[in-house]
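Trainee:
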Amino acid sequence: MTQQTLVLIKPDGLKKSLTGNVLTRLSETKLDIVASKIVKVSRQLAEQHYSMLKDKPFYEDLLKYIMGDYHKRKVMALVYWGEDAIGKVRQICGSTNPEEADPVSIRGAYGRITTKGVYENVIHASTNEQEAEREIKLWFQPEEVIVDLYPTKTVKKTREERAWA
Ligand code: DAT
Ligand code: MG
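Everything in the sequence shown is counted per our numbering, starting at 863 for the first residue and increasing by one.
1) Taking contact to mean 3 or more Cβ pairs, one atom from each stretch, closer than 8 angstroms, check whether the region 910-919 and the region 933-943 are in contact.
2) What residue range does the beta strand (DSSP E) around LEU868 cover?
3) How big is the Cα-Cα spacing for ILE975 and VAL1017?
4) For GLU982, tell me which candidate among THR864, LYS877, MET863 has the shortest Cα-Cα distance.
5) Around the Cβ of THR867, are there at least 16 other Cβ atoms within 10 angstroms (buried) or fewer (exposed)?
6) On a Cα-Cα basis, can you pick out the residue from VAL937, SER988, ASP946 that is closest to SER957?
7) Would you call the region 900-912 and the region 922-937 touching, i.e. three or more CB-CB distances under 8 angstroms?
8) Rounding to the nearest angstrom, what Cα-Cα distance links SER879 and LYS936 in this structure?
9) Please state whether DSSP places ALA1027 in a helix, a strand or coil.
10) Pick from ALA963, PHE1002, ASP1010: whose alpha carbon is nearest that of VAL903?
11) Taking GLY944 as part of the beta strand (DSSP E), name the residues at either end of that continuous run.
12) Round the Cβ separation of ILE948 and ILE968 to the nearest angstrom and send it over; I've been treating them as touching at under 8 angstroms.
13) I'd like the span of the alpha helix (DSSP H) that includes ASP923, first residue to last.
14) Taking only three categories from DSSP, how would you classify VAL901?
15) Start and end of the beta strand (DSSP E) containing ALA963?
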């Protein structure tokens, strides 16, 4: 089944110059990258991305982590697309807890748990198709993705936008 999945290389991954390593590992999947960008994560985007976890004790630290408070203020966001994309990417990522993750997985190889208890696990990948749709629509606009993943509509935007001078 052709699927799409959201991948984030989290601020620890960027701070540790792991972008190339992570992308190389993900290329083993033979999936297509159909969108990518560097994002400075706002509090609002962080809250929306992790809305499911808002009752967890680690929620505030998780927001700080994804916003880059502990590393640098950027995340690399990508959409991978192809046969069984969600499972293939999750497999290479490894378990959520980097100490329990398979040592040859991305999280097992590069992740750590801080003394404060933050799981610095380098990468995010969508868990299932519903989550993937919610997350991709949160992080990307239709014109930023080079294939048609979900239905779109035409809307008239009147707000002022920044342009190159
Ligand atoms: P995953 O990222 O593997 O999909 P998740 O969606 O359950 O896992 O949690 C999102 C992130 O929250 C995860 O990447 C790291 C953090 N997290 C999860 N459980 C945690 C815990 N027990 N302590 C600290 N951070 C945790
Ligand atoms: Mg998850």
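Cβ coordinates follow ideal geometry from the N, Cα and C atoms, glycine included.
Mentor: Straight from the coordinates:
1) no
2) For the purposes of this step, residue 868 is taken as residue 6 along the sequence shown, with counting starting at 1. Counted as a single uninterrupted DSSP element, the beta strand (DSSP E) harbouring LEU868 occupies residues 864-871.
3) Locating residue 975 in the sequence shown gives position 113, counting from the first residue. Locating residue 1017 in the sequence shown gives position 155, counting from the first residue. If you take the alpha carbons of ILE975 and VAL1017, they lie about 44 angstroms apart.
4) As a working note, residue 982 is residue 120 in the sequence shown. Here the closest residue by C-alpha is LYS877.
5) If you number the sequence shown from 1, residue 867 lands on position 5. So THR867 ends up on the buried side.
6) Here residue 957 refers to the residue found at position 95 of the sequence shown. The candidate whose alpha carbon is nearest that of SER957 is SER988.
7) yes
8) Taking the sequence shown and counting its residues from 1, one reaches residue 879 at position 17. Taking the sequence shown and counting its residues from 1, one reaches residue 936 at position 74. Cα to Cα, SER879 sits roughly 12 angstroms from LYS936.
9) Numbered from 1 along the sequence shown, position 165 holds the residue referred to as residue 1027. DSSP places ALA1027 in coil when its eight states are reduced to three.
10) Indexing the sequence shown from 1 puts residue 903 at position 41. Among ALA963, PHE1002, ASP1010, the Cα nearest to that of VAL903 belongs to PHE1002.
11) Here the question's residue 944 lines up with position 82 in the sequence shown. From DSSP, the beta strand (DSSP E) with GLY944 extends over 937-945.
12) Along the sequence shown, one-based indexing puts residue 948 at 86. Along the sequence shown, one-based indexing puts residue 968 at 106. At roughly 15 angstroms, the Cβ-Cβ gap does not stay under 8 angstroms, so ILE948 and ILE968 are not in contact.
13) To locate residue 923, count along the sequence shown from 1; it is residue 61. Looking at the DSSP string, the run of the alpha helix (DSSP H) that includes ASP923 is 921-929.
14) Taking the first residue of the sequence shown as 1, we reach residue 901 at position 39. Note: VAL901 maps to strand in three-state DSSP.
15) Counting from one through the sequence shown, the residue named residue 963 turns up at place 101. Note, ALA963: premise wrong, no beta strand (DSSP E); not H, not E.
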